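First the structure, in the form of structure tokens, and then the observations on it.
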Amino acid sequence: MLALRSQWKKSEKEWKRLIEAGITDTVLNSAISSFVIEIIAGHGPPAPRLCNKDPFTMKSAVYLSQIFPTSKFIMMIRDGRASVHSIITRKVTITGFDLTDPRQCLTKWNQAISTMYDQCLEVGADRCLMVHYEQLVLHPSSQMKRILEFLDVKWDDKVLHHEDEVGKDIRLSKTERSTDQVVKPVNLDALSKWVNFYSADVVSDMPDIAPMLETLGYDPRANPPNYGKPDEEVVRKTQDVHQNGDKWYEKAVQSVNDPSRVDKPES
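Numbering (full-length UniProt numbering), first residue to last: 1 to 267.
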């Protein structure tokens, strides 16, 4: 719906047709806001705050901030090399991304994240918070306190132990590509899985292929990069995931509809 509106806005001819038909900005905004609210409110139980996780809505953050004046946005920033590795290896279908071509996917990522970054900046820091995925993994306590403070939500230790709430307060989609990872505790494994995935020519050209890496604070030449030192609790949970690999593997298998895509623990 948001992409369709964007297309109409870019076409002077189409936009004029809508206006002539009586579909003004006011009418369209009302229709889109009603649609969005119905989708978000209807896909879960009633709650005092309604949330939606969809990375590409950030491409329309400025517009959404206008039609939902009390809304807030969290832009999760991740090393593009890790994001593209995840998209390709998990076979996540995204329009315009050629999953057989890592270079092309990195270029597409760069274009998309550039738009999202600009949108977040325009919305402003009081309503759009940028959070680096790596820092959230390395320092979950301090980063979650920062996030909840931004959202004006009272602190609760449960946010540091999401794995204990899966199947209780947390319901996960069996078709979501990341569900098999979400059932596990926060751990360090995902930070470096992409290392050695890219061909030598792509690694060499990385600063030119994805200049947004540097803009977002990543070293495009570091392979692997140094994201920082993890909190002790994160180290402990990572060790637990490794030492009890079979247990977490079974949990992951039970949480998805296609067990074949769940990585088996290393023996």
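Even for Gly, the Cβ is constructed at its ideal location relative to N, Cα and C.
Keep in mind the model is a prediction, meaning the values are calculated, not measured.
Need the endpoints of the alpha helix (DSSP H) that residue i sits in, please.
i: HIS85; result: 80–89
i: MET130; result: That residue, MET130, is in no alpha helix (DSSP H); its beta strand (DSSP E) goes 128–132.
i: CYS105; result: 102–123
i: TYR218; result: Run containing TYR218: none; DSSP gives neither H nor E here.
i: LYS10; result: 2–10
i: THR179; result: 179–182
i: TRP194; result: Run containing TRP194: none; DSSP gives neither H nor E here.
i: THR57; result: Segment: none, THR57 is in no alpha helix (DSSP H) and carries neither H nor E.
i: THR24; result: Taken as a continuous stretch (DSSP letters only), THR24 belongs to no alpha helix (DSSP H), as it is neither H nor E.
i: PRO46; result: Premise fails: PRO46 is in no alpha helix (DSSP H) and is neither H nor E.
i: GLU233; result: 232–243
i: ASP201; result: 200–209
i: ILE147; result: 140–151
What does DSSP give as the partner residue(s) for residue i in the beta ladder?
i: ILE40; result: Bridge partners of ILE40: none, in fact.
i: PHE73; result: CYS128
i: ILE170; result: VAL166
From the options, pick the residue whose C-alpha is nearest to that of residue i; which is it?
i: ASP157; options: ALA222, MET212, SER142, ALA61; result: SER142
i: GLN66; options: ILE19, GLY167, GLU122; result: GLU122
i: GLN119; options: MET75, ASN223, PRO230, ASP152; result: MET75
i: VAL202; options: SER30, ILE40, VAL84; result: VAL84
i: SER260; options: ASP240, ASP180, ALA200; result: ASP180
i: LEU213; options: GLY80, CYS128, ILE170; result: GLY80
i: residue 268; options: LYS9, PRO265, ILE23; result: Residue coverage of the chain in this structure runs from 1 to 267, which leaves residue 268 outside it and unanswerable.
i: VAL235; options: PRO211, VAL186, PRO69, PRO207; result: VAL186
i: TYR227; options: TYR133, GLU163, ALA252; result: TYR133
i: ASP126; options: SER71, ASP208, ASP164; result: SER71
i: ASP152; options: PRO207, LEU18, LEU129, LEU160; result: LEU129
i: VAL92; options: MET1, ARG221, GLY245, GLU176; result: GLU176
i: ASN223; options: ILE40, LYS13, ALA21, ALA82; result: ALA82
i: ALA200; options: PRO48, VAL27, ARG103; result: ARG103
i: ASN110; options: VAL253, LEU148, THR215; result: THR215
i: GLY124; options: GLU232, PHE150, ASP101; result: PHE150
i: PHE68; options: VAL253, ASP54, PRO46, ILE32; result: ILE32
i: ARG221; options: THR238, TYR198, LYS237; result: TYR198
i: LYS184; options: PHE73, ILE23, ASP246; result: ASP246
i: ASN29; options: TRP8, ALA47, ASP101; result: TRP8
i: ASP25; options: VAL256, SER6, ALA252; result: SER6
i: PHE73; options: VAL253, SER255, GLU232, VAL131; result: VAL131
i: LYS174; options: SER255, HIS43, HIS162; result: SER255
i: LEU237; options: TRP194, VAL27, HIS162; result: Before going further, note that residue 237 is Lys rather than Leu in the sequence given. Closest by alpha carbon: HIS162.
Residue i and residue j look like a contact to me (Cβ under 8 Å); what is the Cβ gap, rounded to whole Å?
i: ILE87; j: ILE94; result: 7 Å
i: TRP155; j: LYS168; result: Actually they are not in contact, since the Cβ atoms of TRP155 and LYS168 sit about 19 Å apart, beyond 8 Å.
i: VAL166; j: LEU172; result: 6 Å
i: LEU106; j: ALA210; result: 5 Å
i: ASP219; j: PRO225; result: 5 Å
i: LEU2; j: THR57; result: 7 Å
Let me see if you follow: with CB-CB separation under 8 Å, is residue i close to chain C or not?
i: LYS53; result: Of the protein chains in the structure, only one exists, and it is not chain C.
**Message:** I'd like to know if the segment 178–196 and the segment 56–74 are in contact, where contact means that at least 3 CB-CB pairs between them fall below 8 Å.
**Reply:** The segment 178–196 makes no contact with the segment 56–74: fewer than 3 CB pairs, one atom from each, lie closer than 8 Å.
- prompt: Quick one: any contact between the segment 132–147 and the segment 108–119, if contact means 3 or more CB pairs under 8 Å?
  reply: Cβ pair count under 8 Å is below three, so no.
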